[in-house]
Amino acid sequence: MAETLTIRRPDDWHLHLRDGAVLKAVLPETARHFARAIIMPNLVPPVVTGAQAAAYRQRILGALPMGLDFEPLMTLYLTEDTDPKDVKAAAEVGIVTAVKLYPAGATTNSASGVRDFDKVRSVLETMAQIGLPLCVHGEVTDPEVDIFDREAAFIDRILDPIRRATPGLRVVMEHITTHDGIDYVKSQGDDMGGTITAHHLVINRNHILVGGIKPHYYCLPVAKREEHRQALVAAATSGDAHFFLGTDSAPHVDALKEHPCGCAGCFTATNTLSVLAEVFERQDALDRLEAFTSLHGPAFYGLPPNADTITLARGTPVAYPAKIDTDDGPVTIFDPGFPLHWRVTP
Ligand code: DOR
Ligand code: ZN
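Take the sequence shown: its position 138, counted from the start at 1, is 668 in the numbering used here, and no numbers get skipped.
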């Protein structure tokens with residue numbers, strides 16, 4: 531068995547960095563291993579305009595420790611009032627790489643998201659014309675729909691109709707959690723991609739609920755049945771270029787996770803690559819890890835893969851800390867529940 535693995539430096543195609551004290555604490559955890567990341571815009575208030583994205587980008591670069599190279603790829607938060615001209619101008623000057631669609635009420639800070647999809651038609655058409663991708667949180671918010679069925683319902687009710695109505699629009703179905711999502715993305719052309727998180731490759735819904743409720747495993751879309759987790763592992767390790775890493779690393783301080791109404795999100799930036807290497811090794815697919823972490827994402831976004839490499843080494847289990855400290859309080863690092871033998875070497 532290979533004891534080291536050298537791959538192109540990975541990128542993270544879905545990341546929450548937050549702002550202020552949490553940004554300062556979590557950014558190095560990503561920048562240590564990843565060259566670029568698609569930065570989620572669900573701040574309070576959200577990043578809606580090109581000017582706000584430019585200002586947020588500056589705050590991220592300002593929080594980057596000396597000696598770390600990292601390129602934040604900014605997104606705009608799509609609202610029913612988004613101005614297609616602002617989107618186009620921000621894309622043209624290179625300040626934004628994608629637009630994010632949150633159905634209103636689907637997840638953390640999504641209240642300003644979209645209720646009436648007809649109201650964003652002109653933005654979607656502009657994006658199709660200029661080749662700007664749409665990143666989608668794929669869950670319906672209809673209270674009648676069971677939370678475990680919300681992703682599958684979204685495909686039929688919203689995603690597929692948007693795709694049919696907007697030919698040429700490049701779409702990423704983010705953090706896929708079901709075999710329905712995998713099958714749909716696979717059935718589409720190369721203008722459709724799908725991101726998969728490390729935590730959804732590891733946990734199913736039993737991990738959240740059996741033997742006591744585990745708030746640090748609660749995220750959205752919520753983890754589903756084991757058969758769905760297995761479909762995600764099969765897709766991520768298959769070499770199919772539709773699928774690439776988007777960690778959805780989503781820090782919340784422990785006080786807000788361990789709470790009667792706990793926030794959704796798993797913080798995985800610190801150990802994502804160790805977790806992925808373990809998952810891929812178990813599938814005998816370490817030779818496909820690089821494609822998932824470092825090649826398929828840039829290809830979808832029309833960007834070159836990173837020129838430099840990282841090396842993972844196999845050895846005795848890595849002792850990651852349980853938490854990182856921030857000036858707002860500790861943030862718990864995702865615990866996969868099994869030993870991690872692969873570490874990124876300096
Ligand atoms: O678990 C999640 N956390 N899912 C999301 O869609 C949002 C994210 C967050 O911002 O905390
Ligand atoms: Zn997210």
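C-beta: ideal position from N, C-alpha, C; glycine also.
task: Starting from the C-beta of Val783, find all residues in its chain whose C-beta is less than 8 angstroms away, skip the five residues before and the five after it, and write them out in chain order.
output: Closer than 8 angstroms at the Cβ level, and outside the excluded window around Val783, lie Val552, Thr856, Asp858, Gly859, Pro860, Val861.
message: Quick check on DSSP: helix, strand or coil for Lys630?
response: strand
message: ligand 1 and Met570: does any heavy atom of the ligand fall closer than 8 angstroms to the residue's C-beta?
response: Within the cutoff, so yes.
message: At a cut-off of 8 angstroms, would you count Ala764 as near ligand 2, judging by its Cβ distance to the nearest heavy atom?
response: Ligand 2 never approaches Ala764 closely enough for any of its heavy atoms to be under 8 angstroms from the residue's Cβ.
query: At which residues does the alpha helix (DSSP H) containing His487 begin and terminate?
result: Outside the shown range of the chain, which is 531 to 876, sits residue 487, and nothing can be said about it.
- prompt: Which same chain residues, not among the five before or five after Thr777, have their C-beta less than 7 angstroms away from its C-beta?
  reply: Asp542, His544, Leu545, Thr727, Ala728, Thr798, Ala799, Thr802
task: Using 8 angstroms as the cut-off, classify the Cβ of His789 as near or not near the heavy atoms of ligand 1, replying yes or no.
output: no
message: Please identify the residue among Asp613, Phe810, Ala766 whose C-alpha is closest to the C-alpha of Asp713.
response: Ala766
message: My output table needs one value for Tyr850: the three-state DSSP class, helix, strand or coil.
response: coil
- prompt: DSSP on Ala764, reduced to helix/strand/coil?
  reply: helix
message: So, does the stretch 694-702 touch the stretch 655-662, judging by three or more C-beta pairs under 8 angstroms?
response: Yes, the stretch 694-702 touches the stretch 655-662.
query: Among Val644, Arg735, Leu870, Ala852, which one has its Cα closest to the Cα of Ile692?
result: Val644
query: Can you tell me the Cα-Cα spacing of Val805 and Pro866, whole angstroms?
result: Their backbone Cα atoms lie some 7 angstroms apart in a straight line.
DSSP bridge partner residues for Phe774 (one or two, in chain order): Answer by DSSP bridge pairing, in chain order: Thr725.
- request: Round the Cβ separation of Leu904 and Cys665 to the nearest angstrom and send it over; I've been treating them as touching at under 8 angstroms.
  value: Any question about residue 904 goes unanswered here, given that the chain covers just 531 to 876.
- prompt: Is the closest heavy atom of ligand 1 to the C-beta of Cys665 under 8 angstroms?
  reply: Answer for Cys665: no, Cβ out of range of ligand 1.
query: Using the beta-carbon count (16 or more within 10 Å), is Val626 buried or exposed?
result: buried
- prompt: Taking just the CA atoms, how far does Ile685 sit from Phe647?
  reply: 14 angstroms
query: Looking only at its own chain, which residues have a Cβ that is under 8 angstroms from the Cβ of Lys853, when we skip the five neighbours before and after it?
result: Asp784, Pro860, Val861, Thr862, Ile863
field: Neighbour-count burial assignment, Leu591, 16 or more Cβ in a 10 Å radius
entry: exposed
message: Measuring only from the beta carbon, is Pro751 closer than 8 angstroms to any heavy atom that is part of ligand 1?
response: yes
- request: In the DSSP assignment, find the unbroken beta strand (DSSP E) run with Asp542 in it and report its ends.
  value: 542-545
- request: Using only the heavy atoms of ligand 2, determine whether one of them is closer than 8 angstroms to the beta carbon of Glu704.
  value: yes
As assigned by DSSP and simplified to three states, the class of Ser652: helix
message: Does Glu788 come out as helix, strand or coil in the three-state DSSP assignment?
response: Taken through DSSP and simplified to helix, strand or coil, Glu788 comes out as coil.
- prompt: Who are Thr534's beta bridge partners in DSSP?
  reply: Ala843
task: Could you check the C-alpha separation between Val732 and Thr707 for me, to the nearest Å?
output: 11 angstroms
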